[in-house]
Amino acid sequence: MIDKLYHNRDLSDQEFSDLLAGDAYDRQLFARAAQVRHKVYGKAVYIRGLVELSNYCRNNCYYCGIRHDNRKLSRYRLDREQILACCSDGYALGFRTFVLQGGEDPYYNDDLVCEIASAIKEAHPDCALTLSLGEKSKESYRRFFNAGADRYLLRHETAAEEHYRRLHPPAMSLARRKQCLMDLKEIGYQVGSGFMVGSPHQTGRHLLADLRFLQELQPAMIGIGPYLTHQDTPFKLFGNGSLRLTLRLIGILRLMFPMALIPATTALGTVDPKGRELGLMAGANVLMPNLSPLKVRKLYELYDNKICTGEEAAECRMCLNDRVAGCGYEIVVHRGDAKTAPAADTLPGLVLEAEAATLTA
Ligand code: SAM
């Protein structure tokens with residue numbers, strides 16, 4: 001099965017289920033995933049400077065600590081100048097992609113988002129700008145794109161209708177989320193999607209639906225991380241998602257999508273102190289450290305015990321350097337766009353054909 005995936009061939013539903021069900025294939029999976037990652041991206045790890053601009057949110061996702069109805073949380077928003085200052089600090093630390101992420105906060109209307117996007121691009125024309133501001137109209141997405149945004153992250157969260165309804169209130173819909181992702185692609189963004197691993201009520205069938213949906217969407221970026229409990233949500237009694245299953249899925253995704261930008265997420269680093277390193281070794285190639293001002297870090301609390309909330313951006317950057325070097329990779333100062341067309345020597349199947357031709361010549 002692993003070799004089938006490695007040769008860019010699809011698996012049947014049963015084969016994917018077998019792969020997900022236990023650790024029998026893990027060794028082979030991680031070895032092959034590392035090989036593919038190496039062929040496409042070498043030792044490079046791309047970093048994205050994450051600016052968490054607001055923890056106000058109009059939504060009420062049952063799993064999320066910044067959901068609208070969490071009255072215990074102190075709310076904050078960063079203004080244009082604070083956001084620009086985060087980006088300037090990040091630039092000096094070697095970041096060439098900035099990610100503006102936040103709850104769905106209507107305070108940031110289209111004009112303001114466009115103003116911030118164009119100011120960032122004007123100050124740092126060699127950088128990529130990623131937005132992750134939730135569901136918007138196609139027209140809004142188009143305006144942000146025209147103002148300079150290059151990429152958009154919007155996890156689908158779960159591709160199974162009935163599971164989506166168990167994670168979200170009736171006001172939200174999977175159809176709408178999928179439509180947003182299609183709109184973003186049509187406009188020309190590099191699109192990122194993804195899901196939580198081990199979210200409440202999730203089954204193997206749901207994960208299979210996630211993989212099939214990603215095959216349809218063909219995103220440039222795929223963000224997955226374990227679901228982590230937050231004490232002030234309706235899901236407070238559900239336990240955390242599994243490190244092992246998340247790593248297994250990263251390996252599978254790397255083989256299914258050799259060119260994808262796959263982060264070793266903060267959630268992975270929260271569920272296990274070595275989670276991000278293990279993520280890189282399982283096939284991930286991106287890290288997204290926090291550039292938000294120290295005083296608001298703790299307030300962007302999607303889940304309990306989130307890591308790196310007490311460190312300055314520079315400290316985080318140094319710490320990551322060591323962690324990445326420790327697993328044989330290297331942080332690069334680069335925009336880190338997704339590779340789109342397979343270079344002749346990147347896709348495993350092609351490499352093997354070339355190797356075979358040499359052998360039989
Ligand atoms: N509002 C934007 C959106 O909906 O895409 C961006 C912010 S949202 C908080 C970012 C991501 O956090 C979500 O896509 C979700 O997968 C993740 N998240 C929220 N609560 C989480 C939890 N309890 N455990 C793990 N991840 C969580």
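Position 26 of the sequence shown, counting from 1, maps to 26 under the numbering used here, and the rest follow consecutively.
Glycine is no exception: its CB is placed at the ideal position from the N, C-alpha and C atoms.
Values in this document were obtained by computation on a predicted structure and should not be read as measured data.
May I ask whether a heavy atom of ligand 1 can be found less than 7 Å away from the beta carbon of residue i?
i: M288; result: no
i: E157; result: yes
i: S132; result: yes
i: E81; result: no
i: M318; result: no
i: Q35; result: no
i: E301; result: no
i: C64; result: yes
i: Y227; result: yes
i: Q215; result: no
i: M221; result: no
i: Q202; result: no
i: M172; result: no
Can you list, in chain order, the residues of its chain whose CB lies under 8 Å from that of residue i, leaving out five sequence neighbours each side?
i: L208; result: D13, F16, S17 and L20
i: A356; result: Low per-residue confidence applies at A356: pLDDT is 35, beneath 50, and the placement is therefore not dependable enough to give any value.
i: R248; result: L19, L20, D23, D26, L29 and A282
i: N305; result: L228 and T270
Identify, in the order they occur along the chain, each residue of the same chain with its Cβ nearer than 6 Å to the Cβ of residue i, setting aside the five sequence neighbours on each side.
i: C308; result: N290 and C316
i: L352; result: At L352 the pLDDT is 41, less than 50, meaning the model places this residue with poor confidence and gives no usable figure here.
i: N70; result: D232
i: G42; result: none
i: R177; result: H156
i: C319; result: none
How close, in whole Å, do the beta carbons of residue i and residue j come, if the pair is a contact with beta carbons under 8 Å?
i: V45; j: F98; result: Actually they do not touch by this definition, with Cβ atoms about 17 Å apart.
i: G65; j: Y329; result: Actually they are not in contact, since the Cβ atoms of G65 and Y329 sit about 31 Å apart, beyond 8 Å.
i: R77; j: V286; result: Going by Cβ atoms, the distance from R77 to V286 rounds to 26 Å, so no, they are not a contact pair.
i: I222; j: A260; result: 5 Å
i: E104; j: L133; result: 7 Å
By Cβ distance, which residues of its chain are closer than 7 Å to residue i, with the 5 residues on each side in sequence left out?
i: E122; result: none
i: F213; result: H156 and A159
i: K185; result: V191
i: D82; result: Residue identity check: residue 82 is Gln in the sequence provided, not Asp. The residues are P293.
i: T246; result: V197, I224, G225, P226 and L268
Of the choices the options, whose alpha-carbon is the least far from that of residue i?
i: L129; options: G192, C64 and D183; result: G192
i: G239; options: S199, S74, K4 and S140; result: S199
i: D183; options: A149, K136 and A147; result: K136
i: D79; options: N8, A282 and A119; result: A119
i: R32; options: C57, D3, N55 and S54; result: D3
i: D110; options: A24, Y63, F145 and V197; result: F145
i: V296; options: L73, V40, R254 and H68; result: L73
i: C327; options: L249, A282, F235 and H334; result: A282
i: H201; options: H168, R335, R75 and Y300; result: H168
i: S88; options: D322, A314 and F195; result: A314
i: I187; options: G204, A175 and G148; result: G148
Check: Should the segment 264 to 274 be called in touch with the segment 6 to 17, which here means at least 3 C-beta pairs below 8 Å?
Finding: no
Notebook entry, point to check: Does the pairing of the segment 51 to 61 with the segment 271 to 279 give three or more beta-carbon distances under 8 Å?
Noted result: no
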